[in-house]
Amino acid sequence: MIDFDVLEGEVKKGKIENSYIFCGLDEELIKEGINLIVNTTIDTSLLDLNYIRLDGLTTTFDEIMNACETMPFMGDKKVVVVYRAGFLKEKTDATGTKLYNDILKYLKDLPTYTVLIMYYLFNDKRDTPKKSNKVKALEKVSKVVYFDKLKKDRYYKKVEEVFKEKGKEIGKVELKYFAEKVQNNFDIIRREADKLISYTENRAINKSDIDKLIANSSEDDIFDLVDFISQKKVEKTLDLLYDLLSKSDQHMLIISNIENNFKRLYEIKILVQSGARVNDISSKFKLPTFVCEKLINQSNKFSVKQLQKIMEICLETENKIKTSGVDKNMELELMIFNIFMTK
Numbered sequence: 051m052i053d054f055d056v057l058e059g060e061v062k063k064g065k066i067e068n069s070y071i072f073c074g075l076d077e078e079l080i081k082e083g084i085n086l087i088v089n090t091t092i093d094t095s096l097l098d099l100n101y102i103r104l105d106g107l108t109t110t111f112d113e114i115m116n117a118c119e120t121m122p123f124m125g126d127k128k129v130v131v132v133y134r135a136g137f138l139k140e141k142t143d144a145t146g147t148k149l150y151n152d153i154l155k156y157l158k159d160l161p162t163y164t165v166l167i168m169y170y171l172f173n174d175k176r177d178t179p180k181k182s183n184k185v186k187a188l189e190k191v192s193k194v195v196y197f198d199k200l201k202k203d204r205y206y207k208k209v210e211e212v213f214k215e216k217g218k219e220i221g222k223v224e225l226k227y228f229a230e231k232v233q234n235n236f237d238i239i240r241r242e243a244d245k246l247i248s249y250t251e252n253r254a255i256n257k258s259d260i261d262k263l264i265a266n267s268s269e270d271d272i273f274d275l276v277d278f279i280s281q282k283k284v285e286k287t288l289d290l291l292y293d294l295l296s297k298s299d300q301h302m303l304i305i306s307n308i309e310n311n312f313k314r315l316y317e318i319k320i321l322v323q324s325g326a327r328v329n330d331i332s333s334k335f336k337l338p339t340f341v342c343e344k345l346i347n348q349s350n351k352f353s354v355k356q357l358q359k360i361m362e363i364c365l366e367t368e369n370k371i372k373t374s375g376v377d378k379n380m381e382l383e384l385m386i387f388n389i390f391m392t393k
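Everything in the sequence shown is counted per this note's numbering, starting at 51 for the first residue and increasing by one.
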């Protein structure tokens with residue numbers, strides 16, 4: 051298994067494999083890796099003929115095989131990309147499992163003139179390819195590339211390129227501050243950069259602008275935790291809770307943030323029931339539309355009564371920790387279990 055930096059070095063040296071499995075959270079970065087291989091392998095005038103893209107959610111094994119078996123036109127190589135190949139994930143339905151098994155066998159006989167790239171996206175930032183038995187099996191017949199976080203200098207440079215592409219200058223201090231504060235995902239980075247550019251219009255971006263518009267990483271973690279609760283994922287919720295506690299011994303802050311998130315879900319649910327639209331909610335909470343859509347989806351997993359009860363549970367836990375010498379970790383665990391049991 052290699053990372054993006056190693057892949058770039060190999061491609062620049064002309065070392066291109068017969069097949070690749072790309073995986074990670076950042077689809078923008080994965081697409082950059084694909085473009086790197088495509089631009090090195092295929093003449094730009096022949097892209098329409100020798101570059102084939104297939105939707106991994108709907109494609110069949112026959113479609114993938116036929117695309118790979120067809121000889122390249124007026125060139126030595128062709129590239130076939132199967133994007134968002136959900137069948138590569140560890141858990142799939144029977145159709146996905148069969149497709150995966152067929153692909154695993156076929157990769158051993160892939161034509162030498164074809165470069166097959168398949169990629170899938172992780173469900174959350176705690177996923178890694180090392181946890182996947184499917185990826186371990188694929189590694190024996192294909193090159194696996196894990197698109198993890200970029201090294202600091204390269205990360206800063208790439209974030210700066212996002213602003214340059216959009217015609218906006220940003221100071222070096224502000225750039226690093228923004229890069230450290232925003233979630234390390236270039237799809238999100240582009241959206242957050244758009245927000246900043248629109249907000250500052252014709253003036254320079256300063257740190258106070260970034261503070262106003264970009265959530266702290268700890269807030270992102272609490273958002274993820276509430277999302278796991280809404281999906282009834284007990285194990286992932288507890289793993290994230292332990293991760294938060296390992297970073298800092300701030301039980302009261304964690305409880306308060308969880309309570310505030312559920313309070314926001316409660317307010318959003320009331321607004322939706324009153325006929326408010328996504329744009330109205332986005333404006334009220336000063337959040338991007340895609341975030342509001344996710345919050346609305348989360349709120350739909352709970353009734354008004356459940357949300358009221360959950361806020362009460364958080365308050366009770368907060369008061370108990372404040373007024374007695376209980377085991378704080380145990381109380382937080384108990385709080386999470388009580389939230390899961392709320393009806």
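Using N, Cα and C, we set each Cβ at its ideal position, and we do this for glycine too.
| Query | Result |
| --- | --- |
| Bridge partners - Thr164, DSSP secondary structure assignment | Lys128 |
| Where Ile220 falls: helix, strand or coil (DSSP) | coil |
| Bridge partners - Cys73, DSSP secondary structure assignment | Tyr170, Tyr196 |
| Enclosing beta strand (DSSP E) for Arg103 [first to last residue] | 101-105 |
| CB contact flag (Val195, Tyr70, <8 Å) | yes |
| Own chain, CB closer than 6 Å to Lys286, minus 5 neighbours either side, in chain order | Phe278 |
| Status (buried if at least 16 other CB within 10 Å, exposed otherwise) for Glu309 | buried |
| Three-way DSSP call (helix, strand, coil) for Asp53 in this model | strand |
| For His301 and Thr145, the rounded distance between their alpha carbons | 44 Å |
| Proximal residues to Val88 (C-beta, below 7 Å), its chain only, five neighbours per side dropped | Tyr101, Val129 |
| Presumed contact (8 Å Cβ cut-off) between Tyr150 and Phe72, rounded CB distance | Contact flag wrong, Cβ pair sits at about 16 Å. |
| Pair within 8 Å by beta-carbon distance, Lys193 and Glu67 | yes |
| Own chain residues within Cβ distance below 7 Å of Ile247, not counting five before or after | Lys216, Lys218 |
| Beta-carbon gap between Lys184 and Leu225 smaller than 8 Å | no |
| For Cys342 and Met48, the rounded distance between their alpha carbons | In the structure as shown, the chain begins at 51 and stops at 393. Residue 48 is therefore absent and cannot be evaluated. |
| Contacts around Glu58, its chain only, beta-carbon distance under 7 Å, and the 5 residues preceding and following it disregarded | Leu86 |
| Residues of its chain near Ser349, where Cβ-Cβ distance is below 6 Å and the 5 sequence neighbours each way are ignored | Leu315, Ile318, Lys319 |
| N-terminal and C-terminal residue of the alpha helix (DSSP H) that Glu251 is part of | First-last for Glu251: undefined, no H or E at that position. |
| Same chain only: Cβ atoms within 7 Å of Glu381, ignoring 5 sequence neighbours per side | Thr367, Lys370, Ile371 |
| Identity of the residues DSSP links to Tyr133 by a beta bridge | Asp105 |
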